[in-house]
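One structure is given here, and the rest of the page talks about it.
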Amino acid sequence: MMRRVKRTVAARVTDPVVGVARSAREYRSRTGDTAVAVQAVICGSLGAAFVAFLVGSQWTVFPAGVFLATTVVGWRREQAATGKAVTFLMTVGTVGVLALIVAFLLVRSVPAVEHMGVGLLGRTADPLWAARDGGVYSLAPMLVGTAITTCIATVIATPVGIAGAVFISEIAPPRVRDVVKPGIELMAGIPSITYGFIGLTVLNQYFYAEFRTPTIGSYLAAGAMIGVMALPTVVTISEDALAAVPESVKSGALAMGSTPWQTTKSVTLPAGLSGVSAGVLLGVGRAMGETMAATVMLTHTKGFPSPVFDVFSQYGETLTTVIAFEGGNASGVHMSALFAGGVVLFVTVMALSVGSQYVEWRMHRKLGGET
Amino acid sequence: MGTATKTTLATGESVVGAVTSRTVLGVTAATVVLAVACLMQWVAPGGAVVGIPVATLLGGGLAVAGCGIAVLGAGSRLGYIETTPSRATSLAAGCVVGMLWAVSGGVATTVAVGGGDAWLPVAVVGGVAGALATVLPREDAGATLPAAAVIVGWGGAIAASGGGGGWTWAPAWSSAVFPGTEIVPVVAVGGALLAAWSGASAHAGFGAEGRQAGAYALVGAVVVGTLSVLVLLVGFVVLKGITPVLTGASLTGGTLGLPFVDAAVPWPTLPFVTNQTGGLYVTIPGVFPALVGTLWLVFGAVVAAVPLGIGAAVFLTEYAERGRFTQLVEVATNGLWSTPSIVFGLFGLAFLVPRLSGGNSILVGQLVLGCMLLPLVLLTCREALLAVPDAHRDASAALGVTKWQTIRSVVVPAAMPGTITGVILGVGRIAGETAPLLLVFGGAPYPSNTPDVLGSFSLMAQPPFVTNDALLAPASALPYQLYTTITAGVFPKDEFTTAAFGWGTALVLLAVVIGLYAVGIASRRYFRRKLHHE
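Chains as they are written, first to last, in the working numbering: chain A, 36 to 406; chain B, 4 to 537.
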């Protein structure tokens with residue numbers, strides 16, 4: 036019994052090693068000596084250049100030069116090997132960007148965590164955010180602000196977005212679709228600062244003049260604008276999901292005598308539900324990360340509205356706006372607190388992204404398509 | 004699909020029904036238009052249109068629509084109008100109508116009694132009664148009469164309120180005060196949507212067809228609303244920005260010096276686009292530095308991201324085995340794609356700024372925007388590569404072509420159209436990106452010179468041997484210019500107010516972005532059509 040356990044553990048440790056060794060042998064047998072040398076120099080020099088750049092050395096230029104020279108020489112002599120190595124490095128680079136973002140956000144937010152402890156996220160007593168007296172930085176009001184604007188935006192973007200997706204994918208005749216779809220895409224393309232400028236001059240003024248909000252700028256106005264901006268994400272991804280439902284499934288329902296709407300409601304939407312919820316999740320992520328419109332429209336007063344659903348209060352600050360507004364001239368622990376805000380934002384949006392990918396993957400598996 | 008409607012019309016008995024339902028839908032649409040005009044403050048809710056008070060029009064419209072729906076429902080139930088109703092209305096519709104009855108009952112009680120707790124029992128009883136009245140009877144009565152009661156009630160209230168002028172609602176939980184002049188149009192829109200659903204359902208003769216018509220009416224209304232928002236946004240920017248952009252512009256006002264011959268010909272000028280923003284001798288300030296800055300940013304981002312993205316996509320699709328590694332890269336790419344732009348700014352601030360320029364600079368801006376563009380390039384290129392049929396690869400391999408040669412001369416060229424389209428759409432997105440620029444890029448609010456990147460390369464004796472002062476200095480870009488104009492306050496020149504200059508900048512930015520999108524979408528359609536014709 037004991038021996039078998041030991042053997043399994045040993046196998047678990049050695050299996051990957053054996054696997055790697057086997058693929059290494061295969062690689063060696065299939066690749067010529069020159070090619071191996073070229074690939075090794077390319078990977079090595081780029082790695083060295085990265086390390087040198089990371090420590091801020093002025094000698095970065097030398098390994099980078101070696102990399103370029105090897106790539107040029109390799110491109111002429113061993114094009115296939117060079118191409119494979121370079122595209123591999125590009126793939127690693129893409130993951131590397133994400134890894135660097137994570138690493139640098141975490142490293143830079145350490146001082147704030149050391150300074151504030153749990154209070155960085157949970158402090159609700161005054162002062163909430165002050166640079167004087169050694170500095171007090173509580174992200175709690177921004178968390179509440181982000182939650183409020185995101186909720187408002189989601190409430191607007193979800194039903195409208197799903198209706199838009201159903202319209203484009205199921206209802207609209209091709210001619211109408213050719214107009215509506217680019218229109219929605221264009222909506223995603225209008226720069227967020229433009230949305231913000233319009234929101235600032237129109238929506239904020241409207242609520243201030245007609246609803247007598249205490250300040251020019253409220254969570255409701257900003258949230259509504261963000262909802263409009265998150266709308267195209269929901270529409271595009273939900274529409275993809277609905278279009279991915281196999282035509283045979285829809286035809287089957289139609290052949291049973293159901294109307295197109297019955298088919299949409301009882302067959303297509305349930306089948307594409309995972310994809311639609313993936314679109315909603317990504318839309319929530321977009322709304323959460325939306326910066327410029329909120330920065331321009333909100334009041335940058337930190338505090339908790341009471342009750343919490345009072346969306347017209349004088350308070351207005353979210354995680355994104357505080358970074359954009361104060362990031363330009365912050366330093367020390369203050370800057371570190373902003374980085375901590377960035378970490379919270381990044382982790383949440385990343386979780387939403389991974390979650391949406393998971394439900395989408397599940398849908399594709401269920402529908403029998405390629406994963 | 005259309006047979007039910009056709010028979011009802013053809014039998015002749017239901018002409019009344021068809022006319023009534025059309026009238027209901029028409030009146031409903033007119034009511035929505037008027038209510039939206041009120042909300043947009045094109046029409047004063049207390050004012051009048053063609054001599055009739057707006058409140059009377061809104062309330063009357065709702066009342067007429069409600070009565071029409073009641074006639075349709077009753078007529079169908081009593082057998083005067085031929086329809087094909089189901090046995091009952093859906094539970095969801097029952098919930099919605101019940102809710103509306105509850106709200107109406109509660110509000111009416113509060114207004115009649117003047118406060119107190121009497122509203123609660125009335126609301127509960129009203130809600131249950133409304134829901135039951137919708138769900139229990141046959142569909143033609145259930146889907147019309149309870150809803151019609153709500154609509155007529157609201158219409159009467161609106162007409163009686165005289166547009167809600169002077170009346171406000173200040174709930175304790177809100178810092179804001181809700182004026183009657185704004186509540187009335189909102190209620191009118193809500194009532195009209197209900198009328199549209201019920202009327203469309205009746206128009207198609209209830210039953211499955213009717214439910215489809217009702218649902219399509221609502222979905223259509225939502226889509227029309229969304230597109231109207233888009234048109235309003237773009238139209239508003241154009242309307243506000245066209246005056247500053249065209250200031251001093253003329254088709255023949257400028258001169259173009261011809262090379263080699265000592266002569267000049269008249270040439271169009273557009274000072275807002277071609278002038279400096281600051282500076283002593285500029286009479287009409289323009290956005291030229293910002294425009295050039297945006298072009299450099301986009302250029303740098305494309306140079307950094309496009310080869311990287313395409314290379315990674317090629318490796319993932321052609322070389323890598325499907326497994327842990329490709330999965331990791333996919334998750335990472337999708338994660339990068341949804342990472343908020345401000346986080347990219349923080350990343351640039353922490354990683355790139357201290358190592359490259361020590362302060363805000365064009366180069367860091369380019370790289371940060373490149374990082375944002377990278378996932379989009381990778382995703383679209385990968386999609387395009389996966390769409391290349393395996394037959395192409397097999398055919399090439401069968402001819403004895405090596406794998407790399409196949410990738411280079413068969414697979415990648417076939418995937419290029421899709422990739423280019425994706426890149427153009429991505430560029431449209433990053434051209435308008437502002438948030439990271441605040442942290443890593445932006446310089447003076449009103450620059451008086453344009454970055455001279457090409458002319459600033461210089462060699463030096465110690466590593467890194469080549470440097471470029473313009474590339475390592477902060478600059479301005481169109482979205483950044485708009486942000487600084489909004490936040491900086493007073494505009495230094497007399498020609499424009501701050502707002503006017505901001506709207507002009509917004510229009511130029513919008514033109515750049517829409518131009519890129521138009522090119523992207525047009526190229527997608529072109530390639531798609533070409534693909535289908537093959």
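Virtual Cβ for every residue (Gly too), placed ideally from N, Cα, C.
In three-state terms, what does DSSP make of Thr11 of chain B?
Here Thr11 of chain B scores only 46 on pLDDT, less than 50, and its place in the model is too uncertain to base an answer on.
Kindly indicate if chain A contains any beta-carbon less than 9 Å away from that of Trp407 of chain B.
Chain A, which has a Cβ nearer than 9 Å to the Cβ of Trp407 of chain B, makes this yes.
Assign Leu197 of chain B to one of two classes, buried (16 or more other C-beta atoms within 10 Å of its C-beta) or exposed (fewer than that).
Leu197 of chain B comes out buried.
Can you give me the start and stop residues for the alpha helix (DSSP H) that Ser204 of chain B sits inside?
Run containing Ser204 of chain B: 183 to 206, per the alpha helix (DSSP H) assignment.
Residues of chain A with CB under 8 Å from Tyr449 of chain B, in chain order?
Residues of chain A passing the Cβ test: none, with the nearest at roughly 17 Å.
Run through the stretch 464 to 497 of chain B for me and flag every whole beta strand (DSSP E) of 3 or more residues, listed as ranges in chain order.
Complete beta strand (DSSP E) runs here, min 3: 469 to 471.
Using the C-alpha atoms, what's the distance from Val142 of chain A back to Val384 of chain A?
Each residue's alpha carbon lies about 19 Å from the other.
Using a Cβ cut-off of 9 Å, pull out every chain B residue sitting near Asp345 of chain A, in sequence order please.
Chain B residues near Asp345 of chain A: Trp176, Ser177, Ser178, Ala179.
What residues of chain B sit near Ala359 of chain A, judged by a beta carbon separation below 7 Å?
Near Ala359 of chain A (Cβ distances below 7 Å), the residues of chain B are Ile345, Ala438, Leu441.
Helix, strand or coil for Ala21 of chain B per DSSP?
Correct three-state label for Ala21 of chain B: helix.
Step through the CB atoms of chain B and report whether any lies within less than 9 Å of the CB of Trp296 of chain A.
For Trp296 of chain A, the answer is yes, since a Cβ of chain B falls inside 9 Å of its Cβ.
I think Leu441 of chain B touches Gly363 of chain A, with their Cβ atoms under 8 Å apart; what is that distance to the nearest whole Å?
At roughly 6 Å, the Cβ-Cβ gap stays under 8 Å, so Leu441 of chain B and Gly363 of chain A are in contact.
Rounded to the nearest angstrom, what separates Leu12 of chain B and Gly307 of chain A at their Cα positions?
Any reading at Leu12 of chain B must be qualified, since the residue scores a pLDDT of 44, below 50, and its modelled position is unreliable; no value is offered.
With DSSP as the reference, please indicate the residues paired to Ile445 of chain B in a beta bridge.
A quick correction: the sequence has Gly, not Ile, at residue 445 of chain B. B:Ala478, per the DSSP bridge assignment.
In terms of residues, what are the limits of the beta strand (DSSP E) holding Thr87 of chain B?
Where Thr87 of chain B is concerned, there is no enclosing beta strand (DSSP E), given that its DSSP letter is neither H nor E.
With a Cβ-Cβ cutoff of 9 Å, do Ile287 of chain B and Leu372 of chain B count as a contact?
Not in contact: Ile287 of chain B and Leu372 of chain B (Cβ atoms no closer than 9 Å).
Apart from the five residues on each side of it in sequence, which residues of its chain come closer than 8 Å, Cβ to Cβ, to Gln240 of chain A?
Answer for Gln240 of chain A: Ile251, listed in chain order.
What residues in the stretch 378 to 390 of chain A bring their beta carbon closer than 8 Å to a beta carbon of chain E?
Structure shown: chain E not included; protein chains present are A and B.
Taking the alpha-carbon positions, what's the Ala199 of chain B to Leu221 of chain B distance?
If you take the alpha carbons of Ala199 of chain B and Leu221 of chain B, they lie about 7 Å apart.
Using the three-state DSSP reduction, which class does Ser451 of chain B fall into: helix, strand or coil?
If DSSP states are grouped into helix, strand and coil, Ser451 of chain B belongs with coil.
Go ahead and label Gly231 of chain A buried or exposed: buried means 16 or more other beta carbons lie within 10 angstroms of its beta carbon, across all protein chains shown.
Buried, because 16 or more other Cβ atoms sit within 10 Å of the Cβ of Gly231 of chain A.
Please classify Phe444 of chain B as buried or exposed, where buried requires at least 16 neighbouring CB atoms within 10 angstroms.
Under this definition Phe444 of chain B is a buried residue.
Between the alpha carbons of Pro420 of chain B and Gly130 of chain B, how many angstroms are there, rounded?
Taking the straight line from one Cα to the other gives about 57 Å.
Taking CB distances under 9 Å as the criterion, tell me whether Thr11 of chain B reaches chain A.
Low local confidence applies: a pLDDT of 46 at Thr11 of chain B is under 50, so the model's placement there is unreliable, and no value is given.
Does the CB of Met177 of chain A have a neighbour CB from chain B at under 9 Å?
No - not a single Cβ of chain B is within 9 Å of the one on Met177 of chain A.
Identify each residue in the stretch 367 to 380 of chain B for which the Cβ-Cβ distance to at least one residue of chain A is less than 7 Å, and report them in chain order.
Residues passing the 7 Å Cβ filter: Cys374, Leu377.
Go through its chain and collect everything with a Cβ distance to Gln74 of chain A's Cβ below 7 Å, but skip five positions before and after it.
Answer for Gln74 of chain A: Ala116, Ala120, listed in chain order.
For a cutoff of 9 Å on Cβ pairs, would you count Glu212 of chain B as touching chain A?
Chain A, which has a Cβ nearer than 9 Å to the Cβ of Glu212 of chain B, makes this yes.
Output, in chain order, the set of chain A residues within a Cβ distance shorter than 8 Å of Ala315 of chain B.
Within 8 Å Cβ-Cβ: Thr122, Met125, Thr126, Gly128, Thr129.
Among B:Gly368, B:Ala418, B:Leu457, whose alpha-carbon lies nearest the alpha-carbon of Gly303 of chain B?
Closest by alpha carbon: B:Gly368.
In the structure shown, what three-state DSSP assignment does Val276 of chain B receive?
Note: Val276 of chain B maps to helix in three-state DSSP.
Mind pulling the chain B residues with CB within less than 8 Å of Thr326 of chain A?
In chain order: Pro343, Ser344, Ile345, Thr437, Ala438.
Does Tyr172 of chain A come out as helix, strand or coil in the three-state DSSP assignment?
Looking at Tyr172 of chain A - three-state DSSP - the assignment turns out to be strand.
Measure how close the beta-carbons of Ala293 of chain B and Gln44 of chain B come, nearest whole angstrom, since I'm counting them as under 8 Å.
The Cβ separation is near 33 Å, so there is no contact.
Taking the alpha carbon of Phe102 of chain A as the reference point, which residue from A:Leu124, A:Arg63, A:Ala56 has its own alpha carbon closest?
Ranking A:Leu124, A:Arg63, A:Ala56 by Cα distance to Phe102 of chain A puts A:Leu124 first.
Look at the Cβ atom of Thr326 of chain A, then the Cβ atom of Thr437 of chain B, and state whether they are nearer than 9 Å.
Cβ atoms of Thr326 of chain A and Thr437 of chain B: closer than 9 Å.
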